[in-house]
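This report refers to the structure that appears directly beneath it.
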Ligand code: ATP
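In this note's numbering, the protein residues as written are 1 to 207.
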């Protein structure tokens with residue numbers, strides 16, 4: 001039987017309830033068997049010196065998903081050298097899990113805006129289904145930005161894969177700023193993640 005696997009890449013600096021609630025909502029709507037969380041050592045669109053050490057980010061993801069059978073963390077984007085291009089990641093999992101598996105790459109709507117700048121986007125949209133979760137929006141979406149890059153049918157598939165997930169107005173940027181300002185992050189991250197942040201002193205110093 002074909003398996004339906006969600007792949008959720010990001011910097012997870014730190015993982016927060018926005019990621020987790022959205023991942024579950026996408027999994028339910030798309031009948032996914034599992035969502036693999038993929039913290040990237042080097043996300044293509046972020047500079048490494050702006051990020052917390054990769055092992056801390058990964059440990060927080062591991063803690064957050066430890067007791068949730070629907071989710072698992074995978075180290076592929078952590079251990080490989082160079083930028084974590086999504087196309088390469090999908091190809092790796094395709095090789096691992098075989099042609100029967102269907103892959104759903106999960107992004108927030110802010111990432112959909114950036115998608116035209118992603119590495120070999122036309123091949124990417126053929127290699128998996130990109131599903132977009134709602135996020136607080138800054139104006140209408142410009143589908144024409146994809147016209148030079150994608151065929152009409154590919155753009156339509158992206159449009160159809162924008163899901164009505166709950167809008168959770170939380171970002172990792174906000175959480176880091178709250179820790180720096182010594183404000184509570186309780187309820188914004190799983191308790192185990194909050195404990196890790198407080199125990200290690202992550203995000204306390206100004207970058
Ligand atoms: P930062 O504030 O540091 O940019 P972030 O909160 O956007 O981080 P990332 O780890 O960079 O988190 O995001 C990974 C993916 O998760 C991206 O596709 C992003 O759009 C999505 N995402 C993050 N937070 C949310 C949220 N609250 N709702 C929906 N999608 C989200």
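Glycine included, C-beta positions come from ideal geometry on N, C-alpha and C.
As the structure is a computational prediction, the values presented were derived from the model and not from experiment.
(request) Inspect the beta-carbon positions of residue 70 and residue 35 and report whether they are closer than 9 Å. (result) The sequence position of residue 70 within the chain shown is 70, counting from 1. The sequence position of residue 35 within the chain shown is 35, counting from 1. In this structure, residue 35 lies closer than 9 Å to residue 70 by Cβ.
(message) Using a Cβ-based criterion (distance less than 8 Å to any ligand heavy atom), does residue 54 qualify as near the ligand ATP?
(response) Counting from one through the chain shown, the residue named residue 54 turns up at place 54. False, no ligand heavy atom lies under 8 Å from that Cβ.
(request) Grab me the residues of residue 176's own chain with a C-beta within less than 6 Å of its C-beta, minus the 5 sequence neighbours each way, in chain order. (result) Sequence index remark: in the chain shown, residue 176 carries index 176 (1-based). Counting only Cβ-Cβ distances below 6 Å, and skipping sequence neighbours, we find 203.
(request) May I have the straight-line CA-CA distance separating residue 79 from residue 154, to the nearest angstrom? (result) Counting from 1 along the chain shown, the entry for residue 79 is found at position 79. Counting from 1 along the chain shown, the entry for residue 154 is found at position 154. Going from the Cα of residue 79 to the Cα of residue 154 covers about 31 Å.
(message) Taking its Cβ as the centre, do 16 or more other Cβ atoms sit within 10 Å of residue 184, making it buried, or is it exposed?
(response) Indexing the chain shown from 1 puts residue 184 at position 184. So residue 184 counts as exposed.
(request) Measure the C-alpha to C-alpha separation of residue 96 and residue 72 and round it to an integer number of angstroms. (result) Stepping through the chain shown from its first residue, residue 96 is reached at position 96. Stepping through the chain shown from its first residue, residue 72 is reached at position 72. Each residue's Cα considered, the two are about 16 Å apart.
(message) Any residue with its Cβ nearer than 6 Å to a heavy atom of the ligand ATP should be included. What is that list in chain order?
(response) 10, 11, 12, 13, 18, 19, 22, 107, 108, 110, 111, 133, 135, 168, 170, 171, 172, 173
(message) With a threshold of 9 Å between beta carbons, is residue 28 in contact with chain D?
(response) Of the chains in the structure shown, none is chain D; there is only one protein chain.
(request) Keeping to the same chain, check which residues put their C-beta closer than 8 Å to that of residue 210; ignore five residues upstream and five downstream. (result) No answer is possible for residue 210: it lies beyond the span of the chain, which begins at 1 and ends at 207.
(request) Can you have a look at residue 187 and say buried or exposed, based on whether 16 or more other CB atoms are within 10 angstroms of its CB? (result) Residue numbering aside, residue 187 sits at position 187 when the chain shown is read from its first letter. Classification of residue 187: exposed, given that the 10 Å Cβ count is below 16.
(request) Return helix, strand or coil for residue 189, following the three-state DSSP convention. (result) Locating residue 189 in the chain shown gives position 189, where the first residue counts as 1. The answer is strand: DSSP assigns residue 189 an E or B state.
(message) Rounded to whole angstroms, what is the Cα-Cα separation between residue 16 and residue 158?
(response) For this step, residue 16 is matched to residue 16 along the chain shown. For this step, residue 158 is matched to residue 158 along the chain shown. Straight-line Cα distance between these residues: approximately 25 Å.
(request) Could you check how far apart the C-beta atoms of residue 19 and residue 9 are, in whole angstroms? I think they sit under 8 Å. (result) Within the chain shown, residue 19 is the residue found at index 19, counting from 1. Within the chain shown, residue 9 is the residue found at index 9, counting from 1. Actually they do not touch by this definition, with Cβ atoms about 11 Å apart.
(request) Helix, strand or coil for residue 98, going by three-state DSSP, please let me know. (result) Reading the chain shown from its first residue, position 98 is the one you call residue 98. Residue state, collapsed to three classes: coil.
(request) Return the first residue and the last residue of the alpha helix (DSSP H) that residue 173 is part of. (result) In the chain shown, counting from the first residue as 1, residue 173 sits at position 173. Residues 172 to 180.
(request) Leaving out five residues on either side along the sequence, give the residues of the same chain with a beta carbon under 6 Å from the beta carbon of residue 64. (result) Within the chain shown, residue 64 is the residue found at index 64, counting from 1. Around residue 64: 15, 190, 193.
(request) Take residue 25 and list the residues in its own chain whose beta-carbon comes closer than 8 Å to its own, dropping the five residues that flank it on each side. (result) Mapped onto the chain shown, residue 25 falls at position 25. The residues are 133, 163, 165, 166.
(request) Give the secondary structure of residue 194 by DSSP, where H, G and I count as helix, E and B as strand, and everything else as coil. (result) For the purposes of this step, residue 194 is taken as the residue at position 194 of the chain shown. Three-state DSSP puts residue 194 in a helix.
(request) Output the boundary residues of the alpha helix (DSSP H) element that contains residue 18. (result) Taking the first residue of the chain shown as 1, we reach residue 18 at position 18. That run of the alpha helix (DSSP H) goes 17 to 29.
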